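Each residue of the sequence shown is one higher than the last, beginning at 0 in numbering that gives the first Met the number 0.
Just so it is clear, CB atoms sit at the ideal spot from N, CA and C, and this is done for glycine as well.
It should be emphasised that the depicted structure is a prediction, and the values quoted were computed from it without experimental measurement.
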Amino acid sequence: MASGQSDSPTGYGFAGSLNWLISGALGGVTGSLIFGGVLWMIDPEVVTTGIPGIYGVRPSGPTGWLFHLIHGLVLGIVFGYLVTHDPLRRRLETSRDADRIASFGPTARFALAGIGYGLTIWAVVWVGRSLPLGPVQRIGALGFPVHPLVNAVGHLCYGLVLGTLFSFLIDLSPPDEEATAQYEDTPDSPGE
Numbered sequence: 000m001a002s003g004q005s006d007s008p009t010g011y012g013f014a015g016s017l018n019w020l021i022s023g024a025l026g027g028v029t030g031s032l033i034f035g036g037v038l039w040m041i042d043p044e045v046v047t048t049g050i051p052g053i054y055g056v057r058p059s060g061p062t063g064w065l066f067h068l069i070h071g072l073v074l075g076i077v078f079g080y081l082v083t084h085d086p087l088r089r090r091l092e093t094s095r096d097a098d099r100i101a102s103f104g105p106t107a108r109f110a111l112a113g114i115g116y117g118l119t120i121w122a123v124v125w126v127g128r129s130l131p132l133g134p135v136q137r138i139g140a141l142g143f144p145v146h147p148l149v150n151a152v153g154h155l156c157y158g159l160v161l162g163t164l165f166s167f168l169i170d171l172s173p174p175d176e177e178a179t180a181q182y183e184d185t186p187d188s189p190g191e
């Protein structure tokens with residue numbers, strides 16, 4: 000095993016100060032592919048014309064898919080940042096016996112966080128479509144062809160895939176003490 004990794008499911012992933020960025024981006028793009036696939040099976044025009052229409056872009060070729068994947072990428076990075084910084088990180092890593100969430104392993108905790116995140120995005124989009132919020136407002140004006148429940152399930156799937164994949168890709172374990180100890184000055188070192 001590489002330095003700084005643990006035996007937990009979260010210990011086999013990317014290490015370093017930007018591990019949340021890479022893990023969030025990959026989880027977000029993958030979740031977006033799954034969500035886009037669900038939309039495509041229901042009505043391909045949602046992806047090909049609806050998503051570009053939100054931005055006032057004329058649909059052509061894979062433009063809708065490109066926008067959808069960029070959404071997933073950016074939102075995945077935001078998720079990665081949120082869950083790896085306090086206070087959410089502390090909450091996800093907690094192991095208090097009285098807490099039901101603490102009884103779940105790290106993968107389940109990140110998956111639940113992803114589901115909550117996906118449903119929060121859905122709520123912002125569907126509530127925001129009637130508010131003057133730029134691209135989000137255009138969803139209401141376009142008469143977006145997806146039923147709110149289908150859209151909620153799609154965002155739930157996005158969050159589930161994002162959180163689960165994120166938990167497998169990221170390394171949240173503390174740095175290996177041996178690796179950092181070699182650079183510390185010790186007053187009682189042999190030979191002095």
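Given this structure, state the Cα-to-Cα distance separating tyrosine 157 from glycine 36, to the nearest angstrom. Looking at the backbone, the Cα of tyrosine 157 and that of glycine 36 are separated by about 11 angstroms.
By a C-beta neighbour count over all protein chains shown, 10 Å radius and 16 as the cutoff for buried, is alanine 97 buried or exposed? With a pLDDT of 42 at alanine 97, under the threshold of 50, the predicted position of this residue should be treated as unreliable, and no value is reported.
Just confirm the distance between the C-beta atoms of glycine 162 and alanine 112, as a whole number of angstroms; I'd bet it's less than 8 angstroms. 5 angstroms between Cβ atoms; contact.
Relative to the C-alpha of proline 51, which residue among Asp42, Ile41, Pro43, Thr62 is closest? When only C-alpha atoms are compared, the closest one is Thr62.
Span separating the alpha-carbon of tryptophan 19 from that of asparagine 150: When rounded, the distance between both Cα atoms is 27 angstroms.
Is it right to say serine 59 is buried, meaning 16 or more other beta carbons lie within 10 angstroms of its own, or is it exposed? Looking at its Cβ environment, which holds fewer than 16 other Cβ atoms inside 10 Å, serine 59 is exposed.
Could you name the residues of the same chain whose beta carbon sits closer than 8 angstroms to that of leucine 87, not counting the 5 residues immediately before and after it, in chain order? Same-chain partners within the cutoff: Leu81, Ala112.
If you follow the alpha helix (DSSP H) that valine 73 is in, where does it begin and where does it stop? Taken as a continuous stretch (DSSP letters only), the alpha helix (DSSP H) holding valine 73 covers 62-82.
Compare the beta carbon distance of glycine 75 and alanine 24 with 8 angstroms and say whether it is the shorter of the two. In this structure, glycine 75 lies near alanine 24, with their beta-carbon atoms less than 8 angstroms apart.
Looking only at its chain, what residues have a beta carbon closer than 6 angstroms to the beta carbon of leucine 68, apart from the 5 residues adjacent to it on each side? Val28, Ser31, listed in sequence order.
From the DSSP output, read off the bridge partner residues of isoleucine 53. Bridge partners of isoleucine 53: none, in fact.
Over the uninterrupted alpha helix (DSSP H) stretch that includes isoleucine 21, give me the two end residues. Looking at the DSSP string, the run of the alpha helix (DSSP H) that includes isoleucine 21 is 18-41.
Option in His154, Ala122, Leu118, Ala107 with minimal Cα separation from leucine 164: The candidate whose alpha carbon is nearest that of leucine 164 is Ala107.
Suppose you measure from the CA of arginine 89 to the CA of arginine 57; what does that come to, to the nearest Å? Arginine 89 and arginine 57: Cα-Cα distance of roughly 44 angstroms.
Have a look at glycine 117 and histidine 146 and give me their C-alpha separation to the nearest angstrom. The alpha-carbon atoms of glycine 117 and histidine 146 are separated by roughly 16 angstroms.
Whole angstroms are fine: how far does the CA of leucine 65 sit from the CA of isoleucine 114? Rounded to the nearest angstrom, the two C-alpha atoms are 23 angstroms apart.
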